[in-house]
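A.B. asks: Below is the structure I would like to discuss, written out as C-alpha cells.
Chains as they are written, first to last, in this note's numbering: chain A, 228 to 690; chain B, 228 to 690; chain C, 228 to 690.
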C-alpha cells in the first residue's frame, strides 16, 4: 500500500499498468488476428480434417465391399460384381448430389427435406463444418447403402438394372430414412430415436433393398439350399474384409463430425474394434463347433456383423458392452446364414445376416445396453421401444418401395440376366472381358453375335 | 465515478487493476508458454499433419499404379511390372533426395534451383511446414511421375533400363518442369500459369516420358493394333484403381499444404471425387454405346482420367464444373485409347490417354472453367493462353530430353528385352520367379543357362 | 507524465484501464470458454487424432502381414494363413485387453505392471491422451507382435495352437518386455535403453516367439534346405508389402503419441521411408549380383528389413543415417535368409531375418548412429552397451518362455498338423474351403470323415 502513497509512485504505477495493458492487447491481437487464426478456426480445421479423413476411409469401403463380394462369387461373375461396386459408387453420387442430400439433410418436413438440391443454396456451414465437407462424408455413406444391396443380388442381376437402382437408392430411398433419423426436424429424431452412425440408416436400409431385390430375382440357377456355393478367391474376400474393418474407423468415429471431443472418438474407435473382434471369434468358433471346420469366411462375416451391430450404439456403450454386442452379432450372423437357407432366400455373400439382422440388433442394442437409458442399465423399456419403432418404420418404408422399384425395373429394362448367360457367367456377355482371361478360358465360350444390340465379339474391340 | 473519488478508493482500484493485470498476464502466459502451445504452433501442427497424411496417401498410389498395371498385363510379366513399380519408388527417392528436390524447390534461376541438394542447407521451414514434411510430400509426387511412364513401357522394357530412367526422372526431368511451375521464382509461375496439384507437373510429364519410351521401344511383339491384349487379372486392376482414387484424396487436397483453409480443402476433395465419378460413368457408357459391352477397364481408366483432369483445376472450379470436367475426361480417354491404336502407339495400360491427354486437358480446363479468369466465366483468353504456353513448354522440354535419355540407354545398357524373353515373359528370365508359380508353369520353361551373366537356374537359389 | 497530473485525468485513465481490463478479460474468456476450446484442448485433439489415425494404419498392417505371408506360401495353405492373421488380431486383442495392457503400461514393479486389467481403473489420461485412444494404438502394436510369429510357423501349425499362442503373446509375453522398455518404471527404461517405436519391443519379440515356434515344430515336410519353396502369388505379397510400408507411417510417427512436435514427426516419417528405400534397393541388387535375377521378393523383404531397423532409431538419427541403416538392413536380410538355410531353420517367409536380425540391428543402431550419444557421433560405447543389454534381456526372457509355451501346447492340444494333412494342404481339412476352389480342385481331395471330431464333408455345410 505504501507503494501508492506518493503521487510520483502513483504515476509510475499508472504508467506501468498502461504499458502492461497495451502489451497485453497486442498479445491478444497476436493470438486473434496476428496469427490469422482463432481458437474457433482451429477447432473447425481439426473437425474438418477428421471428417474428411473419415470420409476417405468410408469411400475406401466401396473397395472393401467390392473385394469381399468378388471373393465370394464365382470367377465367371467377378468382373460383373467389381463393375457393380465401382459404378454403384458413381451412380449413387449422382443421385445423392441431385436430390438425396437435400432430401436427407435439408429442412422441410419431418419426412423429407426440400432444399439443397444439386448443392444449391447451401448455408455457410452445416453442423459446424464446411458444407462440402459434410456432403462428402455423407455421400460416402449413401454409396455404402446402395452397394450392400448388390451382395444379395449377386451373380444374376442385369447390369443396367444395377445402375438404375443404385441411382434411385442414392436419390430417394436412402435419404428419406436418413431424414427421419439424422435431420434435426426428422420425426424419428424428434421421438428420441438414436442411431449414431447408421445401423439402421445405412445397413438395414441397404439390406432391405437387397432383400427385396433377391426376392424379386429369385435364387441363382445353380443354388441348392443347404449347400454353400463357395467363393472363388478367399484372399480377395480377406482384402475386402480388412478394408471394411479399416473403413469402419472412418464410418463410426467420423460420425461425431469432429475430433474435439477426444474421449468420444477414442471410445467409438475402441468399441468399433472390440465388436469386430468378438464377432469374428464367436462366428468362427460356432462354425468349428458345428462343422469341425474353422470357416474363415464365417470369421469375415462375423467381424462385419459385429461392426454393423456396434454402428448404432458405438457412442453410447462401454467397451465391455461392445465386446458383448460383437459376440451376440457373431451368434446372429452364424444362425442368420442358416436361416436364409431355411427360408430359401438366396443371399450369395451373406449380406442380410450381416447388414439386415445385425442392423436391427445394433439399433435395438442401444435400448438394451446404452449406459444412459438402456434396459440393462435401469433405463426401462422406453428407449428400447423407440428404437423398435424406428426399425419397424424403416422396414415399412424401404421394403415395399424397393419391391415396387425392382418390379418396375423387371417389367421395363429387365432385372435378371438370361438363363444361358447366367450359366456361362455374366462377365463374358455383359462386360466382354473375363476376370482372369488366362485362367478362365470358358468365360469366352458364349457366342455373343446372337444377341441383338451386341455388335462385336467378346474377344475384340473395334478401334 | 464516485468509486474513484477518495484516495483510499483509488488505492483499492489500483490494486485491483494490478491484480487483474498480473492474472491476465499469467493467463496469457498460460496460453503462450504454460501450455507450451500457441495458436501459430497448433496451426502448424494441423497443417503438418494434413500434409503428412496426404503424403501417406500419395505414397500408397505407388501400390495403386502397380496393381492397375499388373492387372492390365499378362501373367508372364506381372512380377516384372510389380518390381518396376516397387523399385521406381525407391530409385526416384534417391534421385529426388540427391538433386531433384533442390532443382525443383531451391532458389536459383527461373529454370532450376541450385540449393538443398542431399537435403543440405534447409531453412527453418518451407511454405510454413517443417522442411522434411514438405520434402516427404513432394517425394511422393516425384515417384508418381516416374511410375506413370512404366505403364506405357510395360511388357518389354529391360529392368536395368527401368531403374536408370526412374532415377533420372526423379533427379532431373521431373524437377525442372516442377521448378518452372511450383517454385516461387519459376518462369511459368511468374507468368501466372496455374497447375494446382500437377496435371502438367506430374501427369503430363510422366506420360511424356512414357510416350518417348514406348516410341523408342516399339510395340510389343504380340500386339496387333485394333485388338486389345486383355489384362490377366481384373480384380487386381480394380484394387489398383480404388487405391489410386483414394490416393488422390491426398494428392489434390494435400497440395494446399495445409488444412486451415477448410473451405478450400472441402471443395478440392469434392471436386476430386466428382470428376472421377463422371469420368467413370461417361467412359463405360461410351464403351456400351459402341460395343454393347460394359467394359469395366474403361470405367477404371475413365475415373483416372477424371482424376488427372481435375488435378490442375481442383481448387479453382465449382463442383458442377468438376462433374463436367470429369465427363469430358471420360470422353477423351475413350477416344484417346482408339487414337493410340490408330497412331499405332503401343500403350499397354492406356496411360497416355489417362495421364497425357487428360493432363493437357486438365491444365487447359483452368483457362476454360476457372471461376476467376476462365473463358466461360468471362475471363477471356488470357489465362487459357498462359495455360497453353505451360503445356507446350512442358512438352518441348520433357519429350526431347526423354527421347535422348532412352536413346542413350538403348545404346548402352539396352532398353528392350530380347525377343525370346519377351515371348516367354520377362518374369522367369529377369526375376527368376513366376507371378503364380502353381498356375503358370510355362513361366519356368525358358532355359536360362544359355545367357551369360546368369549363374543359376530360375528354380533354385544357392544358399 | 503530464497526462496524469490532474485528478480528472487520473480518473479518466483509471476508467480506461478498467475498461481495457474488462475487455481483455472477456477476450481471454472468449478464448478459454466462449469458444468452448482452449489451446490445451485443441492440442489434445490434434494429438489424439494423430494417434488414432496412426493406430488405424498400424491395424491395417495386420492385412499387410496377412497378404505378404499368403503370397509367400503355397495355395493349399492360403486360407489357413489368412485365418491365422485375421484371428491373431482378435485373439491378441482379448489377451491385451484382459491383462496385457495392464502388465505393459500399468504401474507396479520394474518388471511388470499390476493395474488396468480389463480396462478397469483407468486414469483421466495416459501420456496426455484419452486412455482408450492410447489403448487402441498399443493394442494394434501387440497384434503385430503375435502376427510376426505366424510367418515363421507357416504351412504346418495346428490352427488351435495358433489361436492359443496369439492369445498368450498378447496376454503376457509381449507386454512384459514392453513394460521393461516403455513403462515409466520399467527397468530397461530406467537404464536409459531406447527403442522409439519397437524394433525390440515388437519385432524382435515377435521374431523370437516365431523362432521358438519353428524350432519346436521342425521344418516343413517338403522343405529342402538350400532350395526356395516359391510363394504362390507375388501380387498378393506385393499388396502385403505396400500395406506394411504404408502402415509403418503410423507405426513410427504415431509413437510420438502426438503431432504437436512437427519437426519430430516429419523427421520420423522421412527416416522411415528412407530406410525402406535403401533396404529394398540393396537387397535386390545383392540378389542380382549373386544370382543374376532381380528377385522382387528380396526387394519386399529388404524394404521391410529397413523398416524394422529404423523403428527403434527413427527419432534419433538424421535422414542420411536412415539411408545408411536401411542399406545395412538390406545386407543383413539378404545374408540372413542364407543363414537360416545354413542353420537349417525353416522360415517360410523370411520373418526372422526381417524382424529378428534387423530388430536387433535397429536397436543397436541407436548406440551407433544416434545424433546424441551414438558411437559414430562421439558418444562412446555407453549407449551401445545399454542397447545390447536390452536386446539380450529380451532374448533371455522371450525365447525360453516361448519354447516352454510351444512345448506345452505340443504336449496338450498339439502344435503341428498331421503329416497327410500337411501334404494335402491345411485349408481343406482345417478350414473346409480352398483358397481358389475353381483353380485348386486338389484342395478338396482329402477324405475328412476318417478324422474324429470332424462331422461333415469339406464340401458341405449343414444348414
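We put the beta carbon where it would ideally sit given N, CA and C, even for glycine.
#1: Assign residue 652 of chain A to buried or exposed, taking buried as 16 or more other Cβ atoms, counted over all protein chains shown, within 10 Å of its Cβ.
#2: Where do the ends of the alpha helix (DSSP H) carrying residue 391 of chain B lie?
#3: For residue 641 of chain C, which three-state DSSP category applies?
#4: Along the chain, which unbroken stretches of the alpha helix (DSSP H) at least 4 residues long are found entirely within the region 312-370 of chain B?
#5: Let me know if residue 303 of chain C comes out buried or exposed under the rule of 16 or more other beta-carbons within 10 Å of its beta-carbon.
#6: Which residue wins for smallest C-alpha separation from residue 477 of chain B, given the options B:266, B:289 and B:270?
#7: Rounded C-beta distance between residue 338 of chain A and residue 325 of chain A? I'm assuming under 8 Å.
#8: Only counting runs of 4 or more residues, tell me where the alpha helix (DSSP H) segments fall wholly within the region 480-568 of chain B, in order along the chain.
#9: Taking Cβ positions only, does residue 304 of chain C come closer than 8 Å to chain B?
#10: Check whether the Cβ atoms of residue 494 of chain A and residue 556 of chain A lie closer than 8 Å to each other.
#11: Here's a check: name, in chain order, each residue in its chain whose Cβ is nearer than 7 Å to the Cβ of residue 634 of chain B, leaving out the five neighbours to either side.
#12: In angstroms, rounded to a whole number, what distance separates the CA positions of residue 408 of chain B and residue 388 of chain B?
#13: Could you give the distance in angstroms between the alpha-carbon of residue 548 of chain B and the alpha-carbon of residue 343 of chain B?
#14: Using a Cβ distance threshold of 8 Å, determine whether the region 359-367 of chain B contacts the region 426-439 of chain B, with at least three qualifying pairs required.
#15: Is the shortest distance between the beta-carbon of residue 521 of chain B and the beta-carbons of chain A less than 8 Å?
#16: Report the neighbours of residue 280 of chain B on chain C: residues whose CB is nearer than 7 Å to its CB, in chain order.
#17: With 8 Å as the threshold, decide whether the Cβ of residue 535 of chain B is near any Cβ in chain A.
#18: Can you confirm whether residue 309 of chain C, when its beta carbon is compared against all beta carbons of chain A, has any partner nearer than 8 Å?
#19: Looking only at its chain, what residues have a beta carbon closer than 7 Å to the beta carbon of residue 636 of chain C, apart from the 5 residues adjacent to it on each side?
#20: Going by the CB atoms, is the gap between residue 525 of chain C and residue 440 of chain C shorter than 8 Å?
#21: Determine the burial state of residue 258 of chain B: buried for a count of at least 16 other Cβ atoms within 10 Å of its Cβ, exposed for fewer.
#22: Output, in chain order, the set of chain C residues within a Cβ distance shorter than 9 Å of residue 268 of chain B.
#23: Would you verify that the beta carbon of residue 664 of chain B is, or is not, closer than 8 Å to some beta carbon of chain C?
#24: For residue 410 of chain C and residue 331 of chain C, I'd like the C-alpha separation in whole angstroms.
#25: Chain C beta carbons: is any one of them nearer than 8 Å to that of residue 493 of chain B?
#26: Mind listing the chain C neighbours of residue 321 of chain B? Cutoff is C-beta to C-beta under 9 Å, in chain order.
#27: If you follow the alpha helix (DSSP H) that residue 648 of chain A is in, where does it begin and where does it stop?
#28: Can you tell me which of the three DSSP states residue 303 of chain A falls into?
#29: From residue 670 of chain C to residue 660 of chain C, what does the alpha carbon distance come to, in whole angstroms?
#30: Using DSSP with H/G/I as helix, E/B as strand and the rest coil, what is residue 458 of chain B?
#31: Would you call the region 518-537 of chain A in contact with the region 305-314 of chain C, where contact means no fewer than 3 C-beta pairs closer than 8 Å?
#32: According to a CB-to-CB cut-off of less than 9 Å, which residues of the region 347-358 of chain A neighbour chain C?
#33: Below 8 Å, how does it come out for the region 464-484 of chain B and the region 278-293 of chain B: are there three or more Cβ pairs, yes or no?
#34: Just the Cα atoms here: how many angstroms apart are residue 544 of chain A and residue 609 of chain A?
#35: Would a check of beta-carbon distances place residue 461 of chain B closer than 8 Å to chain A?
#36: If you measure beta-carbon to beta-carbon, which residues of the region 360-381 of chain A are closer than 7 Å to chain B?
C.D. replies: Straight from the coordinates:
#1: Against the first chain, residue 652 of chain A aligns to sequence position 425. It is buried - the Cβ of residue 652 of chain A has at least 16 other Cβ atoms within 10 Å.
#2: Within the second chain, residue 391 of chain B is the residue found at index 164, counting from 1. Residues 386-395.
#3: Residue mapping note: residue 641 of chain C aligns to position 414 of the third chain, counting from 1. In this structure, residue 641 of chain C counts as coil in the three-state DSSP scheme.
#4: 328-332
#5: Along the third chain, one-based indexing puts residue 303 of chain C at 76. When all chains shown are included, residue 303 of chain C counts as buried.
#6: Working through the second chain from its first residue, we reach residue 477 of chain B at position 250. Checked all of B:266, B:289 and B:270; the closest Cα to residue 477 of chain B is B:289.
#7: By one-based count along the first chain, residue 338 of chain A stands at place 111. By one-based count along the first chain, residue 325 of chain A stands at place 98. Incorrect: roughly 19 Å between the Cβ atoms, too far for contact.
#8: 489-518 and 523-538
#9: Mapped onto the third chain, residue 304 of chain C falls at position 77. Chain B, which has no Cβ nearer than 8 Å to the Cβ of residue 304 of chain C, makes this no.
#10: What you label residue 494 of chain A is simply residue 267 of the first chain in a count that begins at 1. What you label residue 556 of chain A is simply residue 329 of the first chain in a count that begins at 1. Cβ atoms of residue 494 of chain A and residue 556 of chain A: not closer than 8 Å.
#11: Within the second chain, the letter at position 407 stands for residue 634 of chain B. Only 443 meet the Cβ criterion.
#12: Position 181 of the second chain, counted from the first residue, corresponds to residue 408 of chain B. Position 161 of the second chain, counted from the first residue, corresponds to residue 388 of chain B. Whole-angstrom Cα-Cα distance: 28 Å.
#13: Within the second chain, residue 548 of chain B is the residue found at index 321, counting from 1. Within the second chain, residue 343 of chain B is the residue found at index 116, counting from 1. Each residue's Cα considered, the two are about 39 Å apart.
#14: no
#15: In the second chain, residue 521 of chain B corresponds to position 294, counting from 1. Residue 521 of chain B counts as touching chain A.
#16: Translated into the one-based positions of the second chain, residue 280 of chain B becomes position 53. Those within 7 Å of residue 280 of chain B in chain C are 280.
#17: As a first step, residue 535 of chain B must be located in the second chain, where it is residue number 308. It does not; no Cβ of chain A falls within 8 Å.
#18: Position 82 of the third chain, counting from 1, holds the residue named residue 309 of chain C. Taking Cβ atoms only, chain A reaches closer than 8 Å to residue 309 of chain C, which makes this a yes.
#19: Counting from one through the third chain, the residue named residue 636 of chain C turns up at place 409. Closer than 7 Å at Cβ, skipping near neighbours: 388, 391, 392 and 642.
#20: Along the third chain, read from residue 1 onward, the residue named residue 440 of chain C stands at position 213. Along the third chain, read from residue 1 onward, the residue named residue 525 of chain C stands at position 298. No, they are not a contact pair.
#21: Residue mapping note: residue 258 of chain B aligns to position 31 of the second chain, counting from 1. Low per-residue confidence applies at residue 258 of chain B: pLDDT is 46, beneath 50, and the placement is therefore not dependable, though the value from the model is reported in the following sentence. Buried, by the Cβ-count rule.
#22: For the purposes of this step, residue 268 of chain B is taken as the residue at position 41 of the second chain. Residues of chain C passing the Cβ test: 266, 270, 487 and 489.
#23: For the purposes of this step, residue 664 of chain B is identified with residue 437 of the second chain, where counting begins at 1. Yes, because at least one Cβ of chain C sits closer than 8 Å to the Cβ of residue 664 of chain B.
#24: The count along the third chain starts at 1 and reaches residue 410 of chain C at position 183. The count along the third chain starts at 1 and reaches residue 331 of chain C at position 104. Roughly 7 Å separates the two Cα atoms.
#25: Position 266 of the second chain holds residue 493 of chain B. No, its Cβ sits nowhere closer than 8 Å to a Cβ of chain C.
#26: The residue given as residue 321 of chain B occupies position 94 in the second chain. Residues of chain C passing the Cβ test: 504, 505, 508 and 550.
#27: Position 421 of the first chain holds residue 648 of chain A. Here the alpha helix (DSSP H) through residue 648 of chain A covers 646-651.
#28: For the purposes of this step, residue 303 of chain A is taken as the residue at position 76 of the first chain. In the structure shown, residue 303 of chain A sits in a helix (DSSP, three-state: H, G or I).
#29: Start at 1 with the first residue of the third chain, and residue 670 of chain C comes out as number 443. Start at 1 with the first residue of the third chain, and residue 660 of chain C comes out as number 433. The pLDDT assigned to residue 670 of chain C is 45, lower than 50, so where the model puts this residue is not dependable; a value taken from the coordinates is nonetheless given after this. If I take the Cα positions, the gap works out to 8 Å.
#30: Residue 458 of chain B sits at position 231 when you count from the first residue of the second chain. Coil at residue 458 of chain B, not helix or strand.
#31: yes
#32: none
#33: yes
#34: On the first chain, residue 544 of chain A is found 317 positions in, with the first residue counted as 1. On the first chain, residue 609 of chain A is found 382 positions in, with the first residue counted as 1. Whole-angstrom Cα-Cα distance: 17 Å.
#35: Against the second chain, residue 461 of chain B aligns to sequence position 234. Interface residue, yes.
#36: 360, 362 and 363
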